[in-house]
Every structure is written in structure tokens, then in C-alpha cells.
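Numbering (our numbering), first residue to last: 159 to 308. Contents: one structure, followed by commentary.
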């Protein structure tokens, strides 16, 4: 069954939390698709993933590249699965994909300080419950560690 995780960001940027989550996915041998809300956002994340740490980078590509099917992480702006990913990250206030059941895990990362993103996340939670998906909700504690809340 597809596991759906909701990561509630507060007082922190996506650029800070996404790289460690992607690193953990790669450590587990997963292929990942990251769906952004716009081409501009994908370009910003693309640049960031190459430079977010001085001693490392995350191997990835965008949906535009010819070898996209061979990439462990692909940034995309639509709901396709160009690299046959088994994990899908959704950022920028998008709901659950229609093909949710084809993934092992779907991770919605949303900004809790943005009313629209919060509303979309609540609707996605209701949608996931109605589909019978395994849903969990995560939020950071006062030390910045992710804690399961529901």
C-alpha cells in the first residue's frame, strides 16, 4: 500500500529540508520524482541541489534532459513519472497524484505559513483518507527534528 507522508514546514525553507529527505531516499535505493509548481521553481531547486553542500551534491536531472529515465532524482512540473520513480515528492501546493497507488511513498511538503498551501494539504489529506491510503503527518519540534503527529 502506498504510504503518504505530509511534511508541514514552519519557519523553514523547502531548500533546507528537501536535500536531506532526498539523500535518505537515495540511501534506501529509491528512485525519486520531485514535482514542483512551476518551471522557475524547478530551475531554482535544480541549481540548489548541485550546490547545497560544499562537500556533496545530489545526482539529479530535470524532465527536459534526454537521459531522464536513467536519473535517480528527477525534477518535474507535471504528474508524469519520467524516471520510473517509486517515491514522489510534491512541493508548491499540489494535491495527491491520480496515480498515487503506483508509488511506494508519496511525500507532500507544504508551507504551513501559507494559507493556500495549508488548504491544499488539508484537501489532499481528505482525498487520501477517502482513497484508503496510509497517511501520516509530520512536523518539526523545537529542535528542528521531524516528529510524527498523526
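Note that beta-carbon positions come from the ideal geometry of N, C-alpha and C, so glycine has one too.
- It is roughly 12 Å from the alpha-carbon of residue 199 to the alpha-carbon of residue 248.
- Around the beta carbon of residue 215, a 10 Å sphere encloses fewer than 16 other beta carbons of the protein chains shown; the residue is thus reported as exposed.
- Taking 4 residues as the shortest admissible run, the region 194–271 contains the following complete alpha helix (DSSP H) segments, listed from N- to C-terminal end: 197–209.
- Within the DSSP secondary-structure output, residue 192 pairs in a beta bridge with 233 and 247.
- Residue 228 counts as exposed, since fewer than 16 other C-beta atoms from the protein chains shown sit within 10 angstroms of its C-beta.
- Under the three-state reduction of DSSP output, residue 287 falls in the helix class.
- Exposure of residue 288 is indicated by the presence of fewer than 16 other C-beta atoms within 10 angstroms of its C-beta.
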